[in-house]
Amino acid sequence: MVVKEKIVSKDFKEYVREPNPDVGLDESVKLLTPEKIEKIIKAVIGKQTARIKAVMETCIHCGLCSEACQWYLSNDKDPTYAPVAKMRMTIWEMIKRDGKVDAEFIKQTARIVFTECNICHRCSLYCPYGLDITYIIGIVRRICFLLGVMPQRQMDQAQAHMATLNQVWFSQNDWIDTMQWQEEEGASEIKNLRIPIDKEGAEVMWLPLGGEPKTTFHHIARHAKIMNVAGVDWTVPGKDVWDCSNMSMFLRDFATQNRIVRGLFENAARLRIRKFVMTECGHSRFATTYAAPPMLGWKELPFKLYQSIEFFHELIRDGRIKIVRKIKEPVTIHDPCNLVRRAGAMEKFREMAYATCEDIREMYPNREHNFCCNAGGGMAALSNWVAHKARGNRIKAEQIKKTGAKIVITSCHNCHTGIRDIIKYYRINAKNIYFDEILTETMEIPDDMKVED
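Per our numbering: the sequence shown = residues 90 to 542.
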């Protein structure tokens with residue numbers, strides 16, 4: 090029998106959740122004082138009070154945002170999971186009480202905004218007034234971040250970014266060494282394969298997620314293979330910053346978020362590249378293209394930004410990559426929120442899937458109406474919350490099962506983690522793979538590039 094804990098708020102008398110020990114929530118609140126809490130809340134809300142009230146008071150409680158939320162639907166329509174409830178139980182209480190809330194309130198607030206909302210933006214898409222609920226959740230996340238109350242794994246990644254500008258504490262020497270090692274490995278499959286480092290004037294600068302050179306280096310190998318076969322004039326940066334992930338964005342740590350993106354842009358300017366290509370990661374696309382540039386004073390960028398999917402589409406469209414075989418197993422497509430709902434790449438994704446796979450079975454709803462993977466918003470890092478996340482996305486599991494597909498294409502690292510956990514938790518007879526894997530399996534390798542046995 091699952092033990093539950095009862096949490097009381099003024100708006101919702103029955104906020105019931107399973108206990109889930111987390112040092113970042115349980116221990117950090119012990120350092121808080123009423124004075125510190127009030128000071129931080131007032132400092133963050135400050136001049137934004139009118140904007141926050143405009144959102145809260147415009148809401149007519151129609152319920153459309155609730156029906157749009159996978160957490161609400163997957164938890165048997167428990168009203169405390171509704172997006173509007175998350176606002177009212179957190180920031181609205183802070184405003185009504187003029188910042189005078191206690192440490193236990195902050196702990197439960199942090200649990201709500203960090204582990205029960207993926208800031209996927211689906212609720213705002215369905216709101217008849219277009220109210221930006223993710224903006225409100227973001228403000229609450231910033232309050233919790235400044236108070237030092239957030240899940241431990243997210244805190245760890247944030248500290249790694251602050252100290253090393255990558256999420257895995259990877260040194261610069263290790264980064265260069267890994268690129269050279271992957272070049273040697275790739276040359277055993279593709280003749281004269283190269284991973285150029287710091288090549289000035291290259292057409293493309295490619296950037297990985299922090300975990301790729303440390304644990305999932307097969308992504309580097311596959312991207313290198315694709316770039317070389319397509320004849321792309323490309324490079325990777327030899328100096329910080331090379332990790333395009335931006336976990337700091339999820340915490341609303343604006344200083345670190347902007348340091349990361351500024352470093353990426355400085356590398357792009359230093360190498361005089363024309364195309365800025367990030368690995369299969371949705372949140373890096375959003376942070377680098379939309380979140381950070383306005384804060385850094387960039388109105389327009391002197392280079393074009395792509396997520397790998399968008400760049401692969403261009404390579405296939407222009408005939409630089411030729412597809413000579415197709416995946417025969419039934420395939421379904423998971424639409425990453427930041428790539429599709431926020432960047433509009435839904436049709437490019439499908440054109441590539443239909444070019445490389447024989448049997449495509451759509452989930453419904455799909456495209457910009459997709460349900461989130463439940464690992465977005467920084468939740469992919471929460472390895473001690475896996476069962477909680479999986480139960481909160483039963484609706485996605487049902488979507489996958491209905492397709493009968495054996496492969497789920499998840500072109501995003503966070504999505505890959507979320508869908509993998511769902512497949513395992515609900516024992517779905519399917520596997521999830523990235524598109525770089527599909528492309529390297531289906532593309533033509535010219536005879537003059539093949540390595541003799």
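Quick reminder that beta carbons are idealized off the backbone N, C-alpha and C, glycines included. Every value quoted in this text rests on a predicted model; they were computed, and no experiment measured them.
Local Cβ density within 10 Å of residue i, reported as buried at 16 or more and exposed below that
i: Thr122; result: exposed
i: Lys166; result: exposed
i: Tyr523; result: buried
i: Glu533; result: exposed
i: Phe104; result: Residue identity check: residue 104 is Tyr in the sequence provided, not Phe. Buried is the call here.
i: Val91; result: In this predicted model, Val91 has a pLDDT of only 38, less than 50, meaning its place in the structure is not dependable enough to derive any value.
i: Leu120; result: exposed
i: Thr304; result: exposed
i: Arg361; result: exposed
i: Asn356; result: buried
i: Asp536; result: exposed
i: Gln137; result: exposed
i: Leu385; result: exposed
i: Gly135; result: exposed
i: Asp542; result: exposed
i: Trp331; result: buried
i: Glu418; result: exposed
i: Asn281; result: exposed
Rounded C-alpha distance that separates residue i from residue j
i: Leu404; j: Ala157; result: 35 Å
i: Gly219; j: Asp263; result: 46 Å
i: Gln243; j: Gln197; result: 16 Å
i: Thr506; j: Asn473; result: 13 Å
i: Val413; j: Phe400; result: 19 Å
i: Asp266; j: Ile149; result: 57 Å
i: Ser277; j: Ala358; result: 33 Å
i: Ala434; j: Arg177; result: 33 Å
i: Arg363; j: Gln269; result: 24 Å
i: Trp225; j: Ala249; result: According to the sequence displayed, residue 225 carries Ile and not Trp. Each residue's Cα considered, the two are about 26 Å apart.
i: Ala470; j: Asn463; result: 11 Å
Residues near residue i by beta carbon distance below 8 Å, same chain, minus five either side
i: Ile484; result: Gln159, Leu162, Ser163 and Phe460
i: Met468; result: Phe203, Thr204, Asn207, Trp474, Lys478, Asn503 and Gly507
Own chain partners of residue i with C-beta closer than 7 Å, once the 5 adjacent residues on each side are dropped
i: Pro425; result: Gly371, Ser500, Cys501 and Cys504
i: Lys69; result: Residue 69 lies beyond the residue range present for the chain, which begins at 90 and ends at 542; the question has no answer from this structure.
Reference residue i, options the options, closest by Cα
i: Met145; options: Met183, Glu487 and Asn255; result: Met183
i: Phe392; options: Val413, Glu399, His402 and Val366; result: Val366
i: Glu526; options: Arg311, Glu355 and Gly320; result: Arg311
i: Asp221; options: Arg140, Thr324 and Ala486; result: Arg140
i: Lys175; options: Ala192, Gly135, Thr531 and Gly227; result: Gly227
i: Ile232; options: Glu418, Asp342 and Ile508; result: Asp342
i: Met338; options: Asp329, Asp111 and Arg348; result: Arg348
i: Ala214; options: Gly327, Val429 and Phe234; result: The sequence given here places Leu at residue 214; Ala does not occur at that position. Nearest C-alpha to Leu214: Val429.
i: Tyr453; options: Lys490, Thr179 and Ile309; result: Lys490
i: Val118; options: Ile195, Leu471 and Asp448; result: Ile195
i: Lys539; options: Gly135, Lys314, Cys216 and Asn455; result: Lys314
i: Gln396; options: Gly290, Gly237, Thr378 and Cys154; result: Thr378
i: Gly188; options: Glu418, Met294, Ile130 and Thr421; result: Ile130
i: Glu289; options: Gly327, Gly275 and Leu296; result: Gly327
i: Glu447; options: Met336, Ile496 and Arg186; result: Ile496
i: Val112; options: Gln241, Lys128 and Cys216; result: Gln241
i: Leu236; options: Lys128, Pro172 and Ala291; result: Lys128
i: Phe234; options: Val133, Cys212, Glu273 and Glu193; result: Val133
Nonlocal neighbours in the same chain, by C-beta distance under 6 Å from residue i, ignoring five residues either side
i: Val97; result: Interpretation of Val97 is limited by its pLDDT of 47, a score under 50 that renders its predicted location unreliable; the figure taken from the coordinates is listed afterwards. Once the five neighbours on either side are set aside, Val97 has no close Cβ partner at all.
i: Tyr170; result: Trp160, Tyr161 and Asn164
i: Cys209; result: Cys426, Cys461 and Gly465
i: Arg480; result: none
i: Ala380; result: Met338
i: Ala486; result: Ile511 and Tyr515
Residue i and residue j closer than 8 Å at C-beta
i: Gln271; j: Phe306; result: yes
i: Ile498; j: His402; result: no
i: Arg230; j: Val190; result: no
i: Asp287; j: Thr324; result: yes
i: Gly320; j: Arg406; result: no
i: Asp329; j: Gly299; result: no
i: Met251; j: Leu340; result: no
i: Gln256; j: Gln246; result: yes
i: Arg439; j: Thr492; result: no
i: Lys415; j: Thr529; result: no
i: Ala494; j: Thr445; result: no
i: Thr179; j: Leu296; result: no
i: Arg374; j: Ala442; result: no
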